[in-house]
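Colleague: For any residue, its number in our numbering is found by taking its place in the sequence shown, counting from 1, and adding 94.
The following block contains the structure, expressed as structure tokens.
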Amino acid sequence: MIKSTFQLKIEKDLADFGVFTMEPLQQGYGNTMGNALRRVLLSSLPGAAIVQAKISGVKHLFSTLKGLKEDIVEFTFNLKKVRLSYEGDKPVKITLDKTGPGLIKAGDFKTPPTVEIINKDLVLGTLADKSSRIKGDFLVESGYGYLPSEERESTGEIGVIPLDAIFAPIRRVNYHVGATRVGRVTNFDKLTLEIWTDGSISPKEALLEAAKTLTAFFDQIINPKEVAKEEKVQLKEKASEESLLTIEELELPTRIVNALLKVGLKTVGDLQKAGRKKIAKVKNL
């Protein structure tokens, strides 16, 4: 059997960025491990997001609120950038009640003890004067990956705005495979892994969780456990990683993002399906 012993070195471990090296690995295992860890890190770690908004005086997404300089589309776009730490199984409510003039920040939310706002300085909007006020209830859930608002069950309640939820706590993962040696033998791999998080989980913790997830799946091959009929899951065909990227993640100008969102184009997959002709007709591009 090929030896699986190697050394894990923590080169850098900040709150939201970490660099890790693993060596010596048998030739070819650098890419095998790097690709597997990257995919699990990006798709299979739990996170939390604001999934629903209900703002006083706002009936739908394309409304405006007196005294709020931004329209509701832009305000909800900023809500998606709020990063939270919440590990509960059930949805939990957070509230916002802010009077102007001044900036509305993520830190202005009132949260229960189980919820923590990570990026408190994130600007959500601007209230113009003393008579301006924004008040609302917002729903936080935990989950995995990305969930479009269309896939959420509608409450049918007027004024409730479902939001696209970016649960994934991992922002970016890079890996590089180089050569290393053991004595005179030089055909070993050295894997370097770079992990960027949203601050709700440390890079080291994220790496360990990804490794545990992979181990759990491989253990089912070695020590298979019978799956009860009611626990069987019907698998949906998975889209490519690129097609699941949201418009916000492409780092486009806010004007273009808002224009695309207004016509229902929310992901790279939506853009691919729409085609050039439909996109060319979008106003303000």
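Backbone N, C-alpha and C define an ideal beta-carbon position, used for all residues, glycine too.
Helix, strand or coil for Y238? Go by DSSP, reduced to three states.
Modeller: Counting from 1 along the sequence shown, the entry for residue 238 is found at position 144. Taken through DSSP and simplified to helix, strand or coil, Y238 comes out as strand.
Colleague: If we require 3 or more residues per run, which beta strand (DSSP E) segments fall completely within the region 203 to 273?
Modeller: 217 to 221, 227 to 238, 254 to 256
Colleague: Leaving out the 5 sequence neighbours to the left and right, which residues in its chain are closer than 7 Å to T158 when beta-carbon positions are compared?
Modeller: For the purposes of this step, residue 158 is taken as the residue at position 64 of the sequence shown. Contacts found: D165, I166.
Colleague: State the Cα-Cα distance for the pair A333 and P195, rounded to the nearest angstrom.
Modeller: In the sequence shown, residue 333 corresponds to position 239, counting from 1. In the sequence shown, residue 195 corresponds to position 101, counting from 1. Note that A333 scores 48 on pLDDT, short of 50, meaning its location in the model is unreliable; the coordinates nonetheless yield the value given after this. Rounded to whole angstroms, A333 to P195 spans 45 Å at the Cα level.
Colleague: Using a 10 Å radius around the Cβ and a threshold of 16 neighbouring Cβ atoms, would you call T99 buried or exposed?
Modeller: Counted from its first residue, the sequence shown places residue 99 at position 5. Exposed, since its Cβ has fewer than 16 Cβ neighbours within 10 Å.
Colleague: Cα separation between T340 and Y238?
Modeller: In the sequence shown, counting from the first residue as 1, residue 340 sits at position 246. In the sequence shown, counting from the first residue as 1, residue 238 sits at position 144. Approximately 14 Å between the Cα atoms of the pair.
Colleague: Does the distance from the CB of T291 to the CB of D110 come in under 7 Å?
Modeller: On the sequence shown, residue 291 is found 197 positions in, with the first residue counted as 1. On the sequence shown, residue 110 is found 16 positions in, with the first residue counted as 1. The answer is yes: Cβ separation under 7 Å.
Colleague: How many whole angstroms separate the CB atoms of L197 and V217, which I take to be in contact at a CB cut-off of 8 Å?
Modeller: Reading the sequence shown from its first residue, position 103 is the one you call residue 197. Reading the sequence shown from its first residue, position 123 is the one you call residue 217. Correct: roughly 5 Å between the Cβ atoms.
Colleague: Kindly indicate the opening and closing residues of the alpha helix (DSSP H) around Q366.
Modeller: Within the sequence shown, the letter at position 272 stands for residue 366. Boundaries of the alpha helix (DSSP H) harbouring Q366: 362 to 374, taken from the DSSP string.
Colleague: Smallest Cα separation from I252: which of V234, V271, R227, H154?
Modeller: Counting from one through the sequence shown, the residue named residue 252 turns up at place 158. Ranking the options by Cα distance to I252, first place goes to H154.
Colleague: Can you confirm whether the region 138 to 149 touches the region 310 to 318 when touching is taken to mean that 3 or more C-beta pairs between the two stretches lie within less than 8 Å?
Modeller: no
Colleague: Do you know how far the Cα of P256 is from the Cα of L302?
Modeller: For this step, residue 302 is matched to residue 208 along the sequence shown. For this step, residue 256 is matched to residue 162 along the sequence shown. Using only the alpha carbons, I get a separation of about 33 Å.
Colleague: Could you name the residues that DSSP lists as bridge partners for I289?
Modeller: The residue given as residue 289 occupies position 195 in the sequence shown. G112, V267.
Colleague: Assign E105 to buried or exposed, taking buried as 16 or more other Cβ atoms, counted over all protein chains shown, within 10 Å of its Cβ.
Modeller: Locating residue 105 in the sequence shown gives position 11, where the first residue counts as 1. Exposed, because fewer than 16 other Cβ atoms sit within 10 Å of the Cβ of E105.
Colleague: Can you find the residues in the same chain that come closer than 6 Å, C-beta to C-beta, to T274, ignoring five residues on each side of it along the sequence?
Modeller: Numbered from 1 along the sequence shown, position 180 holds the residue referred to as residue 274. Counting only Cβ-Cβ distances below 6 Å, and skipping sequence neighbours, we find E117, P118, F282, K284.
Colleague: Go ahead and pull the three-state DSSP assignment for F100.
Modeller: Within the sequence shown, the letter at position 6 stands for residue 100. DSSP places F100 in coil when its eight states are reduced to three.
Colleague: If you count every other CB in all the chains shown that lies within 10 Å of the CB of P73, and 16 or more means buried, which is it?
Modeller: Outside the shown range of the chain, which is 95 to 379, sits residue 73, and nothing can be said about it.
Colleague: Based on Cα-Cα distance, which residue from F203, I96, L131 lies nearest to R266?
Modeller: Here residue 266 corresponds to residue number 172 of the sequence shown, with the count starting at 1. Out of F203, I96, L131, L131 has the C-alpha closest to the C-alpha of R266.
Colleague: In the structure shown, what three-state DSSP assignment does R275 receive?
Modeller: As a first step, residue 275 must be located in the sequence shown, where it is residue number 181. Residue state, collapsed to three classes: strand.
Colleague: Assess contact between the region 292 to 301 and the region 205 to 215, defined as three or more Cβ pairs (one per stretch) separated by less than 8 Å. Is contact present?
Modeller: yes
Colleague: Under the rule that 16 or more other beta-carbon atoms within 10 Å means buried, what is L329, buried or exposed?
Modeller: As a working note, residue 329 is residue 235 in the sequence shown. Caution applies to L329, whose pLDDT of 46 falls short of 50 and renders its modelled position unreliable; the value that the coordinates give is listed next. Its Cβ having fewer than 16 others within 10 Å, L329 is exposed.
Colleague: Where does E48 fall in DSSP's three states?
Modeller: A question about residue 48 goes unanswered here, because the residues of the chain that appear run from 95 up to 379.
Colleague: Is V376 closer than 7 Å to A353 when the C-beta atoms are compared?
Modeller: In the sequence shown, the residue the question calls residue 353 occupies position 259. In the sequence shown, the residue the question calls residue 376 occupies position 282. Closer than 7 Å, so yes.
Colleague: Could you spell out where the alpha helix (DSSP H) holding K160 opens and where it closes?
Modeller: Here residue 160 refers to the residue found at position 66 of the sequence shown. Run containing K160: none; DSSP gives neither H nor E here.
Colleague: Does the beta-carbon distance from I289 to A304 come in below 7 Å?
Modeller: Counted from its first residue, the sequence shown places residue 289 at position 195. Counted from its first residue, the sequence shown places residue 304 at position 210. The answer is no: Cβ separation not under 7 Å.
Colleague: Which stretch, first to last residue, makes up the alpha helix (DSSP H) that contains K356?
Modeller: Within the sequence shown, numbered from 1, the residue matching residue 356 stands at position 262. Unbroken alpha helix (DSSP H) run through K356: 348 to 356.
Colleague: Assuming the contact rule is C-beta atoms closer than 8 Å, D258 and K174 should be a hit. Round their C-beta distance to whole Å, please.
Modeller: By one-based count along the sequence shown, residue 258 stands at place 164. By one-based count along the sequence shown, residue 174 stands at place 80. At roughly 6 Å, the Cβ-Cβ gap stays under 8 Å, so D258 and K174 are in contact.
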